[in-house]
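Residue numbers (this note's numbering): -13 to 429.
Each residue gets a CB set at the ideal place from its N, CA and C atoms; glycine is no exception.
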Amino acid sequence: MSRKPIVAVVGRPNVGKSTLVNRLIGSRKAIVEERPGVTRDRNDFEVDWAGVDFTLVDTGGWLPHTGEASALDNKVSEQSEHAIDAADLVLFVVDVRVGIATEDALIAEKLRTHSSPSFVVANKVDDPAHEAAIWEFMSLGLGEPKPVSALHGRGTADLLDAVVSNFPLGEPQITEEEDWEDDEESSSMIAVAIVGRPNVGKSTLFNTLLGAERSVVHDEAGTTRDAIDTVIDTDLGPIRFVDTAGMRRKARINEDTEYYSLIRALEAIDKADIALLVIDATVGVTHQDQRLSERIDAAGCPIVVVLNKWELLDTDDREYIVDQVEIKLGFLADPPLMKISALSGKGVHRLFPILSETISGYHRRVPTRDVNLVISKAQIAHPAPGGARVLYATQGATEPPTFTFFVNKKLPKTYIRYLENQLRSQLDLGSVPVKIRVRNRNT
């Protein structure tokens, strides 16, 4: 199946790229804030306009590579340049209220040498009075500017018409039937969310898994603002890896940007089949790591605990951190423990066998006879108080394994937990979350 055309949205910081992206895709998925530097990674969104499907790529603000630019600015600019190189069409966003900035001229120079076409999108033309200002941008040498107001939606339909009409008539497009099949494949694909506190090495691990710098990696906490997903073909089949922003306690979130980053990360957890909880081994298991674990566990998502920066610990520290995981994350059912260096890639190869085992348990279905045999033995060994008992048990669902207990009267929560642990250990369910539903036969 031929790929969809790729349209990259580029420009210097704070010209309204993410606002335009949100307007073009019809929802607020790109994080927007009235200050530069909020978008840092490349983010892909699917757009359907006039029956034509294409991929829209939001990028961070491009700045020239100079001695004055920070290492983070340079990395963000590199992401924009990668997006330009991969694009079939580039939307170069400028601010009519500011005019041509030095960075605009440098971006235009790069785009003039690019093989794919580029549109100059003159943003912030909020009313007819500002339309005359667009003609200044003719001097960039990229054709007639297209006036829009990303904030109010003015001119964006005309822009989309120009985008889709620019694609060759022979460009293969995905049909509704193919799109349905693609959705089916996507829904059945394993999704792995990489989560953790800010600055523990999530994006470095993400890039190591991909074998390329897709997320911006830098030693400044909070670099990743959006959840970014990429599909990797593996021996287990295609796996969708999602790099999320670092999550802090809500009490410490004092920016709108951090709030929306948190929402994206929590959404990624809810949609994930497996979560990689990345912990900085040099810091240890913090209260926030515990809270994140609880949140993931509550979503019914299997957890793999990843101790990053393992190479920086001596023998005593390594023993201490393993004990910490057992004590502070004891409410998790013996999760797999990976000890890695995301930076060097050491130990990362162990991930795929662990994922294979976890995926197998996540989809496992146990015969009803085996379920009832475990429950019967457990009740004989330790009867429930007050004459309560499970009369019959069955597995009603997978992903995760979900068991239904039919009881004669209410069971204490502690006893339900005991039966859950017996199912886990006797049926070799390992670290996979187990859901228990209780129904009273007398009601």
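Straight-line gap, residue i to residue j (C-alpha atoms, nearest Å)
i, j, result
"Ser342", "Gly37", "39 angstroms"
"Asn152", "Thr390", "56 angstroms"
"Ile422", "Asn0", "50 angstroms"
"Ile489", "Gly223", "It is not possible to answer for residue 489, since the shown part of the chain is limited to -13 through 429."
"Val134", "Glu67", "24 angstroms"
"Ala129", "Glu122", "In the sequence as presented, Ala is not what sits at residue 129; that position holds Gly. The straight-line gap from Cα to Cα measures roughly 11 angstroms."
"Asp309", "Ala258", "28 angstroms"
"Pro(-9)", "Val7", "16 angstroms"
"Gly182", "Ser279", "9 angstroms"
"Val43", "Arg(-2)", "15 angstroms"
"Pro322", "Asp303", "19 angstroms"
"Arg281", "Asp113", "46 angstroms"
"Glu95", "Leu126", "8 angstroms"
"Asp283", "Gln276", "10 angstroms"
"Leu195", "Val334", "8 angstroms"
"Leu337", "Val178", "11 angstroms"
"Val84", "Lys332", "48 angstroms"
"Glu297", "Ser330", "10 angstroms"
"Arg435", "Leu293", "There is no way to answer for residue 435, as the model of the chain reaches only from -13 to 429."
"Glu305", "Val80", "55 angstroms"
"Asp39", "Asp266", "41 angstroms"
"Leu77", "Leu97", "10 angstroms"
"Ala374", "Ile180", "42 angstroms"
"Asp300", "Val269", "13 angstroms"
"Thr216", "Leu263", "18 angstroms"
"Ser189", "Ala69", "18 angstroms"
"Ile402", "Thr220", "38 angstroms"
"Thr285", "Ala87", "It should be pointed out that residue 285 corresponds to Ala in this sequence rather than to Thr. For Ala285 and Ala87, the distance between alpha carbons rounds to 47 angstroms."
"Leu415", "Gln65", "42 angstroms"
"Thr45", "Val311", "37 angstroms"
"Asn185", "Ile326", "15 angstroms"
"Asp124", "Pro131", "As written in the sequence, residue 124 is Met, which differs from the Asp given in the question. If you take the alpha carbons of Met124 and Pro131, they lie about 7 angstroms apart."
"Arg425", "Phe392", "5 angstroms"
"Leu413", "Thr354", "12 angstroms"
"Met324", "Gly187", "14 angstroms"
Residue range of the unbroken beta strand (DSSP E) whose run includes residue i
i, result
"Ile260", "260 to 266"
"Phe391", "388 to 393"
"Ala(-8)", "First, the amino acid is wrong: residue -8 is Ile here, not Ala. Residues -8 to -4."
"Lys325", "323 to 325"
Residues bridged to residue i [DSSP beta-bridge criterion]
i, result
"Phe227", "Val178, Thr216"
"Asp431", "For the chain, the structure presents residues -13 to 429; residue 431 sits outside this window and is missing."
"Arg425", "Phe392"
"Gln381", "Phe389"
"Asp44", "Val(-5), Asn29"
"Asn109", "Asp81"
"Lys257", "None; Lys257 has no bridge partner."
"Pro133", "Ala108"
"Val376", "Val393"
"Val76", "Ala(-6), Ser104"
"Lys363", "None, per the DSSP bridge assignment."
"Val38", "Trp35"
"Lys188", "Answer by DSSP bridge pairing: none, since Lys188 is not bridged."
Assumed close pair residue i, residue j - CB separation to whole angstroms, cut-off 8 angstroms
i, j, result
"Ala136", "Thr5", "4 angstroms"
"Gly176", "Arg226", "The displayed chain sequence assigns Ile, not Gly, to residue 176. The Cβ separation is near 7 angstroms, so the contact holds."
"Val448", "Trp48", "Missing from the structure shown is residue 448; the chain here goes from -13 to 429 and no further."
"Leu145", "Ser102", "Not quite, the Cβ-Cβ distance comes to about 17 angstroms (not below 8 angstroms), so this is no contact."
"Pro419", "Pro288", "6 angstroms"
"Val82", "His116", "6 angstroms"
"Gly372", "Lys395", "7 angstroms"
"Val360", "Lys314", "That pair is no contact at about 29 angstroms."
Opening and closing residue of the alpha helix (DSSP H) in which residue i lies
i, result
"Ile289", "Per DSSP, Ile289 belongs to no alpha helix (DSSP H); it is in the beta strand (DSSP E), 289 to 294."
"Gly347", "337 to 348"
"Asn8", "3 to 11"
"Lys399", "399 to 412"
"Ser279", "273 to 284"
"Asp309", "301 to 314"
"Leu92", "88 to 98"
Meets three-Cβ-pair contact criterion under 8 angstroms: the region 96 to 106 and the region 133 to 144
no
Given 8 angstroms, three or more beta-carbon pairs between the region 335 to 353 and the region 381 to 389:
Between the region 335 to 353 and the region 381 to 389 there are three or more C-beta pairs closer than 8 angstroms, enough to call the two in contact.
Can you confirm whether the region 370 to 383 touches the region 313 to 320 when touching is taken to mean that 3 or more C-beta pairs between the two stretches lie within less than 8 angstroms?
no
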